[in-house]
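K.L.:
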Amino acid sequence: MGVEFRDDESGFREIGDHDLIYRARKTLCSVASGDTEDYRELLSSRNREKLGIEEVAMLVTNLKALAGAVAYIDNVLHNELLSAIFKMSLWNYKPDVMDALIEFIESLATSSGKYVDDCLAMLTCQFFPPGSLPLPKILARKDGVLSRVHSSLKYIADLVPLSPVRLVPIVLDGKPQYRFNNTSTLSLVIYVENMLKLESGVLGEVVRIPMLAGVVDLLLDLDVEIGWEDIKNDSSKGIFEMELEDVDESRDDDLNDDSELPRQLSRKTLGGNSFAEKLDSLMVLTFEHLESCQVADRLIEIFDTLLESFKKTVLTAYKSKFAQFVIFYACSLDPKNCGVTFALMLEHTFFFSTNPPLLRMSAVAYLASYLSRAKFLSVFVVAGTLERLVDWCVKYVKMQDDEINPEAHRIFYSGCQAIMYLLCFRMRSMMDDPQLKPWLVRLPLESILNNKLSPLKVCLPSIVLEFLRQAKAARLFMTSEKFNFDDYLESELSREFGGMERLDMFFPFDPCLLKKSDSYIRPNFIFWSMVQPTYDDEDSSDEDVGDAFAGDNDGGMDYGIMQSLEEQHFDFAEVGSALNKMSITPKDSLLSRFGGAINQPMRMPSRIRPSTSPESL
């Protein structure tokens, strides 16, 4: 079949297609009788690394001839031939060879069901360009290769209706998984591009839903590969020590070892981390896909899939650092539908009593962080959720006749902390609204915060203190509760209710540290320095900070809290500075949440510079 097929290029045309197909059939059949000379010649033409003009022409002819003789191919007798063809990469050839190879694959896949999976696998292998191929060639050939692949998948699906069902596990199993280090960013981007193309393609819902879920899974796989040790500089400092909108990135390279920034978490600390770079690129690609779905009026259609995937994977993955921003961005594109739906899902997950405690606590942590940070949400949406959280906590307190117990009532404490954290960000905007102010004043906060369960003693002290400071200034809430904190960053009680997972210190929508992804998130994100608290820093001296906790003579906070804090040498000037940073996901808490030990107290963020971000809310 090899040499016999031609003497020169014109010989192919003279022989004709029928003769070529006849000879291909004869060559294939001869293997069964032991005559393998032509078959071996055919195999040798597959195995040559570099092909000249004549060899390329012969390869095209042989592939076309085999496409017409697929009924004579036996998966046992011709295993070597099939294996050689399935290993061919479209990326290595010019259009004429690509077309001949695609023609053969389509003919083989549609001739017999036993070859469908192999043909689909061969086509999806093209989602990864060969590692040896130079970047310019990859970019030049990308569109030609992938357009042929997707056209072929469609052709096979039309003739083999079950092929899309069989395609899904083949694509998902092709995920690099534990070979991320050996897979370039470009290869991963092309792979995900093709998954998203399948998601938006014509193969039906049976492909669309698992492809989108598979992308989320891949993002999470990369996310958990980024260790917290990769993004810290100083073991005595917390991870999120300042919010990134205040970093003048042009100065990053000019800062010396004596400056504050090397002791803080910034994007620079992630530089050179291959997992972070890959995740950043893939998240941007996903953001762009979500934008295209919005333009095509498909966002709501795919959001259900995105939400289910989030519930099954991201919500239960306590190591997730960045993957959750995919759903945050989707919500920002359609706040009234997607944005509200996401909040309601988290709310229902928290309220549903049969859910595992850790899932409920994780959900309310996501809910508080989301409602605090999502600039695109109406304050009335936030208020509605806040009211339902307070109502749940009120009912919980009425059913209890117990003393303080962080472990037994950890779900309650997580709800209380969510309420206080949310109000730290949103209290001023609610107090400034003439409709919401009287509602907020009447909210029964005292009944849930002043009781025998003592959530003010159990919840994270940094949140409690900021909440009390704002509530005092707004005349919203007074307490005579005495505190006995180990320090104002965390207490043994907060560690106890947070558990090994440290969900008391879990704020999943703290600022995104991935540079490219952050450019998409930033316009829709509330940084702490954008928040106007109810108190006025400019008019507040160190004594005023103390007064915020001392109360007035008409039934305010008892002087006992001041005395208790002063006995611990509590520095109100320091807390006045520290509470204005409010990005409070410390490093040690996350290390302990992921299995590390807590050997030293948490540290609050260092001083935040004046905000250069958009106008404060």
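Using this note's numbering, read the sequence shown as starting at 119 and increasing by one per residue. Note that beta-carbon positions come from the ideal geometry of N, C-alpha and C, so glycine has one too.
(1) Quick one: what does DSSP say A150 is sitting in, helix, strand or coil?
(2) Taking the beta carbon of S471 as the centre, do at least 16 other beta carbons fall within 10 Å, making it buried, or is it exposed?
(3) Which value, in whole angstroms, describes the spacing of the CA atoms of K633 and I308?
(4) In terms of alpha-carbon separation, which member of T434, Y484 and L425 lies closest to C456?
(5) Please classify N737 as buried or exposed, where buried requires at least 16 neighbouring CB atoms within 10 angstroms.
(6) Assign A492 to one of three DSSP states: helix, strand, or coil.
(7) Assuming the contact rule is C-beta atoms closer than 8 Å, S162 and D156 should be a hit. Round their C-beta distance to whole Å, please.
(8) Can you tell me whether P736 is buried or exposed? The criterion is at least 16 other CB atoms within 10 Å of its CB, across all chains shown.
(9) What does a CB cutoff of less than 8 Å around G533 pick up in its chain, not counting 5 residues either side in sequence?
(10) Which stretch, first to last residue, makes up the alpha helix (DSSP H) that contains D341?
(11) Considering W557, what are the terminal residues of the alpha helix (DSSP H) in which it resides?
(12) Residues in its own chain within less than 6 Å of E317 by CB, not counting five upstream and five downstream?
(13) I want to see whether chain C comes within less than 8 Å of L477, judged by CB atoms only; does it?
(14) Which partner residues of F643 appear in the DSSP bridge assignment?
(15) Along the chain, where does the alpha helix (DSSP H) containing D519 start, and where does it finish?
(16) Find out if the Cβ-Cβ distance for the pair Q588, T503 is shorter than 8 Å.
(17) Between L177 and A394, what straight-line distance do the alpha-carbon atoms span, to the nearest angstrom?
(18) Evaluate K232 with the Cβ neighbour count: other Cβ atoms within 10 Å of its Cβ, from every protein chain shown; 16 or more gives buried, anything less gives exposed.
(19) To the nearest angstrom, report how far apart A202 and L408 are at their CA atoms.
(20) DSSP state of P247, grouped into three classes?
(21) Would E323 be called buried (16 or more neighbouring beta carbons within 10 Å of its own) or exposed?
(22) Using the Cα positions of S265 and I274, report the straight-line distance between them to the nearest angstrom.
(23) Could you spell out where the alpha helix (DSSP H) holding H268 opens and where it closes?
(24) If we count the other Cβ atoms within 10 Å of its Cβ and call it buried at 16 or more, is V194 buried or exposed?
(25) When the Cα of M463 is compared with those of A592, K429 and I639, which residue comes out closest?
(26) Do you know offhand how far Y211's Cα is from H268's?
(27) With 16 as the cutoff for other CB atoms within 10 Å, does D339 come out buried or exposed?
(28) Check each candidate in L199, P248, S207 and A185 and name the one with the smallest Cα separation from I223.
(29) Report the option in E564, L571, L495 and M549 whose CA atom is closest to the CA atom of D520.
(30) Applying the 10 Å Cβ sphere with the 16-neighbour rule, what's the burial state of I357?
(31) At what residues does the alpha helix (DSSP H) containing T179 begin and finish?
(32) What is the rounded straight-line gap between the Cα of S270 and the Cα of L495?
(33) Give me the Cα-Cα distance between C243 and L583, rounded to the nearest whole angstrom.
(34) With R740 and P475 assumed to form a contact (beta carbons below 8 Å), what rounded beta-carbon distance in angstroms separates them?
(35) What is the rounded straight-line gap between the Cα of E172 and the Cα of K260?
(36) To the nearest whole angstrom, what separates the beta carbons of D443 and M401, a pair I think is in contact under 8 Å?
P.N.:
To lay it out plainly:
(1) The residue given as residue 150 occupies position 32 in the sequence shown. Reduced to three states, the DSSP call for A150 is coil.
(2) The residue you call residue 471 lines up with position 353 of the sequence shown. It counts as exposed.
(3) Counting from 1 along the sequence shown, the entry for residue 633 is found at position 515. Counting from 1 along the sequence shown, the entry for residue 308 is found at position 190. When rounded, the distance between both Cα atoms is 20 Å.
(4) Here the question's residue 456 lines up with position 338 in the sequence shown. Taking only the C-alpha atoms, the option nearest C456 is L425.
(5) Residue 737 lies beyond the range of the chain shown here (119 to 735); nothing can be said about it.
(6) The residue you call residue 492 lines up with position 374 of the sequence shown. Strand at A492.
(7) If you number the sequence shown from 1, residue 162 lands on position 44. If you number the sequence shown from 1, residue 156 lands on position 38. About 11 Å; that fails the 8 Å criterion.
(8) Absent from the structure is residue 736, since the part of the chain shown begins at 119 and ends at 735.
(9) If you number the sequence shown from 1, residue 533 lands on position 415. Cβ within range, chain order: F468, V482, L507, W510, C511 and Y514.
(10) Residue mapping note: residue 341 aligns to position 223 of the sequence shown, counting from 1. First-last of the alpha helix (DSSP H) with D341: E323 to E343.
(11) Position 439 of the sequence shown, counted from the start, is the residue given in the question as residue 557. Here the alpha helix (DSSP H) through W557 covers L554 to R560.
(12) Here residue 317 refers to the residue found at position 199 of the sequence shown. Cβ neighbours of E317 beyond the five flanking positions: R326, M329 and L330.
(13) The structure shown contains no chain C; it is built from a single protein chain.
(14) As a first step, residue 643 is located in the sequence shown; it is residue number 525 there, counting from the start. In the DSSP output, where bridge partners are listed per residue, F643 has A492.
(15) The residue labelled residue 519 in the question sits at position 401 within the sequence shown. Counting along the chain, D519 falls outside any alpha helix (DSSP H), and DSSP gives it neither H nor E.
(16) Mapped onto the sequence shown, residue 588 falls at position 470. Mapped onto the sequence shown, residue 503 falls at position 385. Contact: no.
(17) Counting from one through the sequence shown, the residue named residue 177 turns up at place 59. Counting from one through the sequence shown, the residue named residue 394 turns up at place 276. Approximately 43 Å, taken between the alpha carbons.
(18) The sequence position of residue 232 within the sequence shown is 114, counting from 1. Exposed: under 16 other Cβ atoms inside 10 Å.
(19) The residue you call residue 202 lines up with position 84 of the sequence shown. The residue you call residue 408 lines up with position 290 of the sequence shown. In a straight line, the C-alpha of A202 is about 39 Å away from that of L408.
(20) Translated into positions along the sequence shown, residue 247 becomes position 129. In the structure shown, P247 sits in coil (DSSP, three-state: anything other than H, G, I, E or B).
(21) Working through the sequence shown from its first residue, we reach residue 323 at position 205. Its Cβ having fewer than 16 others within 10 Å, E323 is exposed.
(22) Reading the sequence shown from its first residue, position 147 is the one you call residue 265. Reading the sequence shown from its first residue, position 156 is the one you call residue 274. Their backbone Cα atoms lie some 14 Å apart in a straight line.
(23) On the sequence shown, position 150 is the one that residue 268 refers to. Element bounds for H268: L253 to L277.
(24) Along the sequence shown, read from residue 1 onward, the residue named residue 194 stands at position 76. Exposed is the call here.
(25) Stepping through the sequence shown from its first residue, residue 463 is reached at position 345. The residue with the shortest Cα to Cα distance from M463 is K429.
(26) Within the sequence shown, numbered from 1, the residue matching residue 211 stands at position 93. Within the sequence shown, numbered from 1, the residue matching residue 268 stands at position 150. Going from the Cα of Y211 to the Cα of H268 covers about 17 Å.
(27) By one-based count along the sequence shown, residue 339 stands at place 221. Under this definition D339 is a buried residue.
(28) Stepping through the sequence shown from its first residue, residue 223 is reached at position 105. Looking at the Cα atoms, A185 is the closest of the given residues.
(29) Translated into the one-based positions of the sequence shown, residue 520 becomes position 402. For D520, the nearest C-alpha among the options comes from L571.
(30) On the sequence shown, residue 357 is found 239 positions in, with the first residue counted as 1. Because I357 carries a pLDDT of 26, less than 50, the predicted location of this residue cannot be relied on, and no value is offered for it.
(31) Residue 179 sits at position 61 when you count from the first residue of the sequence shown. I171 to A185 is the span of the alpha helix (DSSP H), which, as asked, contains T179.
(32) Taking the sequence shown and counting its residues from 1, the one referred to as residue 270 is at position 152. Taking the sequence shown and counting its residues from 1, the one referred to as residue 495 is at position 377. Roughly 44 Å between the two C-alpha positions.
(33) Taking the sequence shown and counting its residues from 1, one reaches residue 243 at position 125. Taking the sequence shown and counting its residues from 1, one reaches residue 583 at position 465. Going by the C-alpha atoms only, they are around 56 Å apart.
(34) Because residue 740 is not part of the residues shown, which for the chain are 119 to 735, the question remains open.
(35) Position 54 of the sequence shown, counted from the start, is the residue given in the question as residue 172. Position 142 of the sequence shown, counted from the start, is the residue given in the question as residue 260. Distance between the alpha carbons of E172 and K260: 25 Å.
(36) Here residue 443 refers to the residue found at position 325 when the sequence shown is read from its first residue. Here residue 401 refers to the residue found at position 283 when the sequence shown is read from its first residue. Note that residue 443 corresponds to Phe in the displayed sequence, not to Asp. Their Cβ separation, rounded to whole angstroms, is 7 Å, which keeps F443 and M401 in contact under 8 Å.
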